[in-house]
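Chain order of the listed sequences is A and B.
The opening residue of the first sequence carries number 1 in the working numbering; numbering runs sequentially from there.
The opening residue of the second sequence carries number 250 in the working numbering; numbering runs sequentially from there.
Every residue, glycine too, gets a C-beta built ideally from N, C-alpha and C.
A quick write-up on the structure given underneath.
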Amino acid sequence: MKILVPIKRVVDYTVKVRVKPDGSGVDLNNVKMSMNPFDEIGVEEAIRLKERGIASEVVVVSLGSGACQETIRTALAMGADRGVLVETDLELQPLGIARLLKALVLKEQPQLVILGKQAIDDDSNQTGQMLAGLLNWPQGTFASKLEIADGRATVTREVDGGLETLELPLPAVITTDLRLNEPRYTTLPNIMKAKRRPLDVLQVADLPAEAVPSIKTLKVQPPQPRKPGIRVSSVEELVRKLREEAKVI
Amino acid sequence: MLTLPEKLLFIIFAILSIYLTYIGFSQIIVAVRKGQPEYYSRSNRLFERIREAFVRTIGQTPVLKSRPLVGVFHSFIFYGFTFYLLVNLIDLIEGLLPPSFAPLSGSPISSWFRLGSDVLGFLVLVGVIFFVWRRFVSRDTKLERFNDSVLLQAEVRAGGIRMDSLIVAGFIFFHVGFRLFEAGSLLAAEGRLDPWQPVATLIARVVGFGPDRIIGWHIGWWLSLGLILLFLPYFVRSKHIHIFVAPIRLGLGRRAATGEKIGSGALDPLNFEDENVEQFGVAKLEQLRWSQVLDAYACIQCNRCTNVCPAHETGKALAPSAIEINKRYELNSIRATLAKGAESPRPVMEFALSESALWACTTCGACVGICPVGCEPLIDIVDLRRDAVMTKAQFPQDLNSAFRNLERAGNPWGLAQDNRKDWAKEIAAPTVEENPDFDVLYWVGCAGAYDPSAQKIARAFTEILHHAKVRFAILGNSEKCTGDLARRAGNEYLYQNLGAENVQILNAALGNRDKRVVATCPHCFNALANDYPQLGGKYRVMHHTQLISELVSDNRLPELILDENITYHDPCYLGRHNGIYDAPRQVLNGPKRIIEMQRSRENSFCCGAGGAQFWKEEEPGNTRVTENRFQEAQATGAQVIAAGCPFCKSMLSSSESAGETGAPLVLDVAELVAENLRRVKSKLGIG
């Protein structure tokens with residue numbers, strides 16, 4: 001069984017994000033970029049399936065600039081077998097990505113696609129669902145547990161107020177939640193080996209899919225900075241300030 | 250002189266014994282030579298090395314220093330045995346050659362020689378009896394006590410060390426005892442008393458005089474010299490081999506190519522250039538550097554290191570001596586096949602120490618500091634961690650996030666690089682760009698930058714710098730973790746990446762100017778001073794207590810008027826690893842002198858943070874290292890525990906006893922000096 005794991009290169013979670021002064025987007029100059037943490041969980045899950053003998057090949061794919069090769073190498077160092085980069089300078093949005101991925105799925109013929117449930121930059125939480133829709137495949141989103149047996153996937157999902165367990169026939173689309181696994185720390189020999197693993201670079205034009213953005217970004221602005229709090233000396237003062245200054249009671 | 254059959258028998262016996270001993274020795278030499286090459290030199294400055302080994306061996310200082318009484322008895326045996334090399338040689342000549350060859354007969358030094366062999370022989374017996382009494386009668390727990398969780402070779406568990414000790418002691422006792430008997434019998438046979446041999450004379454009186462007593466001389470000769478031949482083949486596998494290996498090991502300390510000594514603060518770097526290497530660190534015996542293999546034979550199994558190990562002291566599975574002992578027993582059992590070219594059969598982690606032991610080490614260096622023969626078990630531990638982390642990725646889960654945070658954010662907390670200068674929001678701390686004419690570069694460190702308790706140290710030190718009008722600058726947001734925790738946790742690759750970035754930033758900031766770099770964190774200090782020269786970063790590094798001490802002597806800071814009772818905790822990476830003991834004490838000795846803890850200076854006890862312990866759960870034991878240390882500090886009755894390290898401060902102030910009412914406060918030296926400034930100002934009415 002082949003597993004396809006799409007991964008996204010995002011601003012690292014430890015970075016304090018800055019917005020460009022002209023409001024056209026996020027400033028990516030000299031900013032540490034890394035793999036979307038939910039996608040890392042997807043890669044880990046796919047590798048574990050391979051280690052358990054359930055999967056035979058793990059292919060990671062990323063869409064974006066040439067710099068995404070570095071992100072793909074990270075996944076290869078974790079243990080993925082092969083990487084594909086679809087190179088493009090277009091602003092990629094969930095629907096466009098889902099269309100490109102569908103084209104790739106038809107080309108690669110995986111039995112399972114594992115995506116992060118969302119990317120930590122735009123937090124869209126749409127690509128996995130859209131891909132399943134376009135492929136007309138069943139989907140198990142927000143998986144916190146995944147079992148594969150007899151051509152079926154059993155997915156435990158975290159929903160409000162409890163756990164829901166679904167059984168899906170393969171092929172299927174799975175999106176990962178935070179608690180699915182803890183991604184491994186890569187060993188140095190694997191980092192070295194990853195440099196020698198195959199990484200194909202395709203152009204968007206090579207795929208029979210439209211990735212033109214359907215949404216236009218008008219403006220990006222940082223959130224208003226929070227005003228510092230003040231310390232009050234008594235309950236009376238607190239009540240007075242809430243009434244007179246904050247006007248909330 | 251012996252009879253002819255006796256001579257022939259002796260010669261055959263000698264050839265056999267020397268042959269077996271030679272095989273044993275050559276196997277050990279092959280095993281040592283199979284070890285990997287060293288990074289630092291262990292052979293340059295040969296004359297200095299020989300002198301060092303000679304002085305320390307003859308002076309017996311490494312033995313006397315940590316256990317004075319035992320050291321005295323040890324020196325009895327040492328001096329006696331050394332002299333007996335000569336005694337045995339002369340006995341050999343006298344036994345095998347005609348009397349005309351007797352080297353000392355008639356010479357004036359003959360009397361002194363007889364006195365020496367008599368008195369020193371007697372002292373050897375006294376020493377051996379003391380050691381046998383100590384191990385088998387009084388059963389000194391320091392000798393063989395290992396926590397139950399310590400991994401030991403089956404033979405050791407079954408009392409191998411006791412048996413070995415008994416055999417060695419028996420050999421020494423009978424060898425020297427029969428030599429005295431031999432001398433006494435000769436006097437008895439010749440029917441004379443010798444004032445130069447009081448002990449032998451006493452023996453002669455006991456056996457009674459008569460020419461037939463010459464049989465006692467024959468028996469004595471055979472049992473003293475013959476016993477050597479019997480013992481020699483065993484000697485190479487016994488702990489007694491230390492009489493050869495220990496003096497050699499004492500001269501094999503690490504030195505830079507330029508000759509200066511390398512302290513325990515520096516670790517040997519790995520080379521990541523070769524992309525075909527698939528093994529990093531040590532998994533198998535033959536991957537150890539040769540000095541580490543030799544350590545197994547230098548170790549005398551005295552357990553001094555285990556007695557001072559903070560992990561073992563708090564009930565954990567780590568015993569540094571057990572690593573060397575287990576290595577020795579392993580080598581003894583496989584060295585014959587190793588010598589034939591076979592690989593060692595099992596990984597080091599299967600026989601030398603358990604996984605919990607590997608991760609219990611705080612890298613405090615107490616084991617290396619106290620070892621009387623110069624062994625370095627700490628280096629083994631780091632090498633094994635390197636294999637666990639880089640080759641196998643099998644390490645405590647908690648370190649995963651510390652490593653990832655270092656990779657991504659450049660600090661172990663995973664906080665934003667852009668917030669690194671936030672500690673100085675309310676106090677002026679100019680960056681290198683803002684104050685290019687600085688005299689001192691203040692390396693704040695991740696703790697000072699992000700940890701609220703350590704930020705107070707950074708601010709206190711900045712306040713002090715301002716008061717003393719020191720022109721200083723910081724690196725601001727471009728500073729990153731030195732990589733100390735990664736390196737001590739075995740993640741050499743991550744450390745070298747961080748180190749290379751920092752060296753580049755530091756070199757750019759300092760240019761060719763010979764500026765001083767001052768750190769408030771001993772771990773940063775150690776990395777900057779001892780680790781970074783390997784990466785091309787050579788700086789004049791000092792600890793903030795050194796700079797403060799200098800500013801006080803230059804009258805740029807007021808004398809201490811604090812009248813609290815203060816005790817001072819020596820941080821391992823300031824004290825033991827870098828020898829800085831006096832500067833913080835000079836700063837803290839005010840109207841009242843500081844109260845010393847029982848374990849201070851080079852005998853200081855770790856706070857439990859080092860070697861990446863701060864970033865993981867403590868391994869299972871019977872108490873926390875911090876708790877052990879805090880209670881000791883508390884017992885001094887001090888109101889304040891002064892520390893010189895943000896991690897010591899954090900550990901000690903979070904120990905269980907620190908939460909009790911009336912418990913002493915834990916503060917950094919800089920915080921105390923800043924408080925002193927405030928008090929001096931308010932006393933003068935300018936505050």
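Asked: Can the beta-carbon of L747/B be found closer than 8 angstroms to that of G725/B?; Found: no
Asked: Buried or exposed for G824/B, going by 16 or more other Cβ atoms inside 10 Å?; Found: buried
Asked: Would S191/B be called buried (16 or more neighbouring beta carbons within 10 Å of its own) or exposed?; Found: The first residue shown for chain B is 250 and the last is 936, placing residue 191/B beyond what the model contains.
Asked: By how many angstroms is the C-alpha of F480/B removed from the C-alpha of Y328/B?; Found: 20 angstroms
Asked: According to DSSP, what are the bridge partners of H715/B?; Found: H715/B pairs with nothing; no bridge assigned.
Asked: Skipping 5 residues on each side, what residues in its chain have a beta carbon closer than 6 angstroms to that of G939/B?; Found: Limits of chain B in this structure are 250 at one end and 936 at the other, which puts residue 939/B out of reach.
Asked: Given this structure, state the Cα-to-Cα distance separating G936/B from E876/B, to the nearest angstrom.; Found: Confidence at G936/B is low in this model, with a pLDDT of 49, below 50, so its placement is unreliable and the value that follows should be read with caution. The alpha-carbon atoms of G936/B and E876/B are separated by roughly 38 angstroms.
Asked: Whose C-alpha, out of S902/B, D831/B, W608/B, is nearest the C-alpha of Q646/B?; Found: W608/B
Asked: Cα separation between A236/B and D89/A?; Found: The shown model of chain B, from 250 to 936, leaves out residue 236/B, and the question about it has no answer.
Asked: Go ahead and label L253/B buried or exposed: buried means 16 or more other beta carbons lie within 10 angstroms of its beta carbon, across all protein chains shown.; Found: exposed
Asked: Nearest-angstrom Cα distance between L796/B and E924/B?; Found: 17 angstroms
Asked: Where does the unbroken alpha helix (DSSP H) through R553/B begin, and where does it stop?; Found: 553-557
Asked: May I have the straight-line CA-CA distance separating A506/B from L784/B, to the nearest angstrom?; Found: 15 angstroms
Asked: One question on the structure: do D632/B and V531/B come within less than 8 angstroms of each other, judged by their Cβ atoms?; Found: yes
Asked: Kindly list the residues whose CB is nearer than 7 angstroms to the CB of P144/A, restricted to its own chain and excluding five residues on each side of it in sequence; keep chain order.; Found: In the sequence under discussion, the amino acid at residue 144/A is Ser, which differs from the Pro named in the question. T156, R157, E158, D177, R179, L180.
Asked: Specify the secondary structure class of G936/B as computed by DSSP and reduced to three states.; Found: Unreliable positioning characterises G936/B in this predicted model, as indicated by a pLDDT of 49, which lies under 50. The coordinate reading is nonetheless provided below. Reduced to three states, the DSSP call for G936/B is coil.
Asked: How would you write the range of the alpha helix (DSSP H) that P254/B sits in, first residue to last?; Found: 253-282
Asked: Since L115/A is in the alpha helix (DSSP H), which residue starts that stretch and which ends it?; Found: Segment 112-116 is the beta strand (DSSP E) holding L115/A; no alpha helix (DSSP H) there.
Asked: From D544/B to E625/B, what does the alpha carbon distance come to, in whole angstroms?; Found: 7 angstroms
Asked: Is the shortest distance between the beta-carbon of Y742/B and the beta-carbons of chain A less than 8 angstroms?; Found: yes
Asked: Contact criterion: CB-CB distance below 8 angstroms. Does K16/A meet it with respect to chain B?; Found: yes
Asked: Any beta carbon of chain A sitting closer than 8 angstroms to that of N520/B?; Found: no
Asked: The beta strand (DSSP E) with M35/A in it runs from where to where?; Found: 33-35
Asked: How far does the alpha helix (DSSP H) with S603/B in it extend, from its first residue to its last?; Found: No alpha helix (DSSP H) contains S603/B, which DSSP labels as neither H nor E.
Asked: Can you tell me the Cα-Cα spacing of Q109/A and L135/A, whole angstroms?; Found: 12 angstroms
Asked: In chain order, what residues of the stretch 32-51 of chain A put their CB closer than 9 angstroms to some CB of chain B?; Found: K32, S34
Asked: Comparing C-alpha positions only, which one of R305/B, I490/B, Y289/B sits nearest to P621/B?; Found: R305/B
Asked: Within 8 angstroms, do at least three Cβ pairs link the stretch 876-893 of chain B to the stretch 850-858 of chain B?; Found: yes
Asked: Please list the residues of the stretch 639-658 of chain B that have a C-beta atom closer than 8 angstroms to any C-beta atom in chain A, keeping them in chain order.; Found: M639, T640, K641, A642, F644, Q646, N649, F652, R653, N654, R657, A658
Asked: Output yes or no for whether 8 angstroms exceeds the beta carbon distance between I254/A and P228/A.; Found: Chain A is shown only over 1 to 249; residue 254/A falls outside these bounds and no answer can be derived.
Asked: Output yes if chain A places a C-beta closer than 8 angstroms to the C-beta of G860/B; else output no.; Found: no
Asked: What are the boundary residues of the beta strand (DSSP E) that includes Q69/A?; Found: Run containing Q69/A: none in the beta strand (DSSP E); it sits in the alpha helix (DSSP H), 68-78.
Asked: Within its chain, find whatever has a CB closer than 8 angstroms to the CB of V26/A; leave out the 5 residues flanking it on each side and keep chain order.; Found: V11, V17, R18, V19, K20, D121, V220
Asked: In the structure shown, what three-state DSSP assignment does D200/A receive?; Found: strand
Asked: Could you please give the first and the last residue of the uninterrupted beta strand (DSSP E) stretch that includes Y691/B?; Found: 689-692
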